[in-house]
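A quick write-up on the structure given underneath.
Numbering (our numbering), first residue to last: 2 to 306.
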């Protein structure tokens with residue numbers, strides 16, 4: 002895939018910044034798109050997704066790229082720990098394939114695949130797990146000779162699998178194997194877009210006066226974090242109101258939290274700056290002096306956009 006197509010595909014995902022989350026934020030009911038252009042990135046996302054699921058008492062099904070042997074998947078996930086092998090033995094971790102999932106059918110249909118996934122989710126609950134999560138590498142499409150249209154139909158008609166159900170799924174698209182047009186369509190089709198790199202920070206504007214930050218705000222991303230905040234203050238200087246959405250931050254360091262309060266305190270031209278966050282971040286910011294910033298409001302919940 003040409004570099005410009007890869008960049009365009011990633012930009013399509015970036016454009017969905019109001020729905021972009023780090024993999025750590027995946028919860029039952031989430032249907033997420035992620036794209037990659039190198040195998041190490043795929044392994045990083047898969048490993049984090051798997052370990053988080055096991056730790057949360059969920060069953061995990063992994064459908065790696067066809068041709069990747071099971072022992073390689075387990076070796077990548079294990080990292081010298083016996084926990085993965087133990088999860089495999091007790092059935093909490095399953096390495097499978099799309100061909101195995103839809104068997105005895107040999108031809109892919111969206112109806113058969115979704116029926117089987119619903120079956121597996123129900124079975125996971127019966128077996129005592131809190132939910133089922135699946136990582137599906139989309140190389141299966143070419144391996145089964147499935148039509149791109151059939152795949153797209155499935156991705157855009159799967160809401161019933163997720164809404165109110167104990168099932169989450171990552172669909173991983175190799176940007177070297179799909180066209181930029183397909184990747185753009187699939188990024189839009191998924192309710193969630195995952196950040197490609199672990200430990201990164203993404204900033205975007207779902208609405209003109211709403212800054213959305215997702216990922217990790219720590220020492221490595223502190224400069225980007227503060228730059229995004231300062232830019233947001235500048236962009237909203239006329240309206241004099243700004244909302245900063247931190248609900249998709251996986252981590253906020255004390256240093257970055259302090260920077261947030263300092264920048265908000267210095268934005269004297271603003272009538273109000275609202276920070277959306279969870280209860281833990283709200284408590285952290287209050288302990289660092291948020292209540293002393295006159296025009297700063299902390300609110301729990303997500304923005305309406």
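C-beta atoms are modelled at their ideal positions from N, C-alpha and C, and glycine is treated no differently.
Can you tell me whether residue 61 is helix, strand or coil according to DSSP?
Residue 61 sits at position 60 when you count from the first residue of the chain shown. Note: residue 61 maps to strand in three-state DSSP.
Runs of beta strand (DSSP E) wholly within the region 151-185 (minimum 3 residues, chain order): 168-175
| task | Within the same chain, show all residues whose beta-carbon is closer than 6 Å to that of residue 11, passing over the 5 residues directly before and after it, in chain order. | result | Here residue 11 corresponds to residue number 10 of the chain shown, with the count starting at 1. With a pLDDT of 39 at residue 11, under the threshold of 50, the modelled position of that residue is not reliable, and no figure is offered here.
**Item:** Through-space distance from residue 119 to residue 287, alpha-carbon basis
**Value:** As a working mapping, residue 287 is identified with position 286 in the chain shown. As a working mapping, residue 119 is identified with position 118 in the chain shown. Each residue's alpha carbon lies about 43 Å from the other.
**Prompt:** Would you call the region 174-181 and the region 193-213 in contact, with 3 or more CB pairs under 8 Å?
**Reply:** Contact between the region 174-181 and the region 193-213 is not established, with fewer than three Cβ pairs separated by less than 8 Å.
Requested in this report: Identify which residue in 149, 155, 166 and 202 has its Cα closest to the Cα of residue 182.
Outcome: One-based indexing of the chain shown puts residue 182 at position 181. With respect to the C-alpha of residue 182, the residue from 149, 155, 166 and 202 having the closest C-alpha is 149.
In chain order, what residues of the same chain have a beta carbon less than 6 Å from the beta carbon of residue 265, not counting five sequence neighbours either side?
Position 264 of the chain shown holds residue 265. Sequence-distant partners of residue 265 (beyond 5 residues in either direction) whose C-beta falls short of 6 Å from its own C-beta, in its chain, are 274, 294 and 297.
Report task. Grab me the residues of residue 114's own chain with a C-beta within less than 7 Å of its C-beta, minus the 5 sequence neighbours each way, in chain order. Result -> Sequence index remark: in the chain shown, residue 114 carries index 113 (1-based). For residue 114, the CB contacts under 7 Å within the same chain, skipping 5 residues up- and downstream, are 102, 103 and 155 in chain order.
Through-space distance from residue 221 to residue 242, alpha-carbon basis | For the purposes of this step, residue 242 is identified with residue 241 of the chain shown, where counting begins at 1. For the purposes of this step, residue 221 is identified with residue 220 of the chain shown, where counting begins at 1. Rounded to the nearest angstrom, the two C-alpha atoms are 29 Å apart.
| Can you tell me the Cα-Cα spacing of residue 219 and residue 290, whole angstroms? | Numbered from its first residue, the chain shown carries residue 219 at position 218. Numbered from its first residue, the chain shown carries residue 290 at position 289. Linking residue 219 to residue 290 through their CA atoms gives a straight-line distance of about 19 Å.
Per-residue burial, residue 165 [other beta carbons within 10 Å of its own, 16 or more giving buried] | In the chain shown, counting from the first residue as 1, residue 165 sits at position 164. Burial call: exposed.
Spell out the partners DSSP gives residue 224 in its beta bridges. Here residue 224 refers to the residue found at position 223 when the chain shown is read from its first residue. Residue 224 is bridged by DSSP to nothing; it lacks a bridge partner.
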